[in-house]
Each structure stands twice: as structure tokens, then as C-alpha cells.
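Numbers 1 to 282, taken from this note's numbering, label the letters of the sequence shown in order. For every residue, glycine included, the Cβ atom is placed at its ideal position computed from N, Cα and C. Quick notes on the structure that follows.
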Amino acid sequence: MDLLLKRKFDQVEDEDEWEREVERFPKRRRNPYATQINILDKQYTDLTEIYNDLQKQLHGLENELAELQQEEETTDENIDKLKQQHDDILNTIMKSIDEEIDSQEEEDYFENDEELSLTINHVLKGWQTVLEKEATIDDIDLELDNLGHSFQANEFDIIDLNAQIEGYKSRIQCLYDDREIMTGLPQGLSMLESDIKEYQDEIDSANKMLEKFEKDTIRPCLIRLNELNINIPLEQLQQRKDIATMKDLLHDLDMIYSLSLKQRAYQQLTSYLYDDESEDDA
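And the structure:
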């Protein structure tokens, strides 16, 4: 019985001694790098999603550019066809001049002459109004420049975002490396200081290389891309408007030409009749 009591007493003393040892053992502080790593991981995930969305938008713009270039080739072909049609119309008009002159009736000459003059004046005034409302070349160039600058600024934002993503990748990797080094302190303290200096030197070198790359490569490429994505589509749109205007103008000019021929025929026939009546009176 005494032996059993002695064992229980010794066990209680051992447990008390263990608790006192635990209280004397310093509590381990939370690693501050773990929180920073979690934050940077979240930021990296968000930036990656934004980068992927921007890449999709860029691919879409490239596809639209290819379609616009195809439309430009089609427009050139249509212009050639339009020129050929114009030549054919003129040839047809020249061949039909004699037939139109012979087909007029004598009693309608004076009335038709006045009507033709009014029609020609109306068409010319209408085109004068249209041309006065057309935008000047300077206004169009200014609009192209403004749109070009806006597009170029957006492209630079994409490049800056890519650079930030790469920077965050490097920082995350360095934090992982620092965490591994911290486990070996104080022996790794000198190694950590050396790595920090090397890391700073690499950052400075990378910044210089990035500035040179942006100046020599990125900016010229963006300027060219700006011309392809903004200036050329707008110029194509303006060309299509000009082509439509030229078609209408060509149609009206053909009509004016035909009316002028008719008017001239009326005047010649009137002069002939007047001379004939004068001879009869004499």
C-alpha cells in the first residue's frame, strides 16, 4: 500500500515538473512572412486573371484587324469595277447622243430647255450643300491622332501590368527563399544580407533593361499596332464613305451630262427653226 502511494506521489511530482518546464519554454511567435506570402499569392492570382482577359481582348483585336484588311482588298476590287462601269456608261452616252437629238419633238423644245436648266441648277446646289458639310482633312487627322494616343496608352498599361506580375513572381520566390534561410538563423543571417544585396542589384539591372527594351522595341511596335488597329480602320471607313459619295456624284454628273446634251440639241434646233422662219419672211 505504501509503495502504491509513493508511485502516485512521484507521478504527480513529475507532472508538475513538466508543466513548469512548459511554462518556462518561450512561445513560438508567428512567422510574419507567411501572411505576406498569402497576400501576394492572392494578388498574383487576381493579376493573372486580369492578364488572361487582356490577352483575349488583344487576340480579338487582331482578328478584327485581319477582317478589315480583307475588306480593304475587296474595296479596291470594287473601285476598279466602278471605274470600268463609269467608262462603259460614258461610251454608251456618247453613242446615244444622235438618237436622243433626233427623237425630240418640236413643240416641247422651249419647255424642256427650261426644265433641264432648273434640274441642273438643283443638282449642283444639292452637291454644293453636301460638300460644305463634309469634314475637313485636318479634323479627320486630329480625330485619328486622339484615338491613336488613347489606344497607345491602353497598350502601355498592359505592358506595365505584365511587368508588375513578373515583379510579384520574383518577390514571392524571394520570400520563399528568405523563409528557408530564416529557419537556419543565426548562421544564415550573413547569407540573407548578401542575397538581399544581390536581389537589389538584379532589380536595378532589370529596370535598366526594361527601360531600354521599352524604348527600342515596345514603343515602335505599339505605334505600328496603333496604326493597324485604329488609323487604318478609320481610314477604310472614310474611304467607304468617299466611295459612296463618288458613286452618287458620278450618277448625278452622268445625268447632268445627258441633260446638257439635250439642252444643246434643243438650242440648236430652235436656232435652226428661227433661221428658217427668217428666210421665209425675207
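**Asked** Residues in its own chain within less than 8 Å of I79 by CB, not counting five upstream and five downstream?
**Response** I243
**Request:** Measure the C-alpha to C-alpha separation of E73 and D87 and round it to an integer number of angstroms.
**Result:** 22 Å
**Item:** Rounded straight-line distance, which links the Cα of Q36 to that of R67
**Value:** Note that residue 67 corresponds to Glu in the displayed sequence, not to Arg. C-alpha separation (whole angstroms): 47 Å.
**Cβ-Cβ distance between K247 and L61 below 8 Å** = no
**Asked** By a C-beta neighbour count over all protein chains shown, 10 Å radius and 16 as the cutoff for buried, is Y272 buried or exposed?
**Response** exposed
**Prompt:** Where does K208 land, buried or exposed, given buried means 16+ other C-beta within 10 angstroms?
**Reply:** exposed
**Asked** Going by beta carbon distance, what residues of the same chain come within less than 7 Å of R171, once the five residues before and after it are set aside?
**Response** L40
**Request:** Return the CA-CA distance between R240 and K56, expressed in angstroms with no decimal places.
**Result:** 29 Å
**Asked** Going by the beta-carbon positions, is the gap between E71 and Q236 smaller than 8 Å?
**Response** yes
**Asked** When burial is assigned at 16 or more other CB atoms within 10 Å of the CB, is A265 buried or exposed?
**Response** buried
**Item:** Neighbourhood of K42 by C-beta distance below 8 Å, restricted to the same chain and skipping five residues each side
**Value:** none
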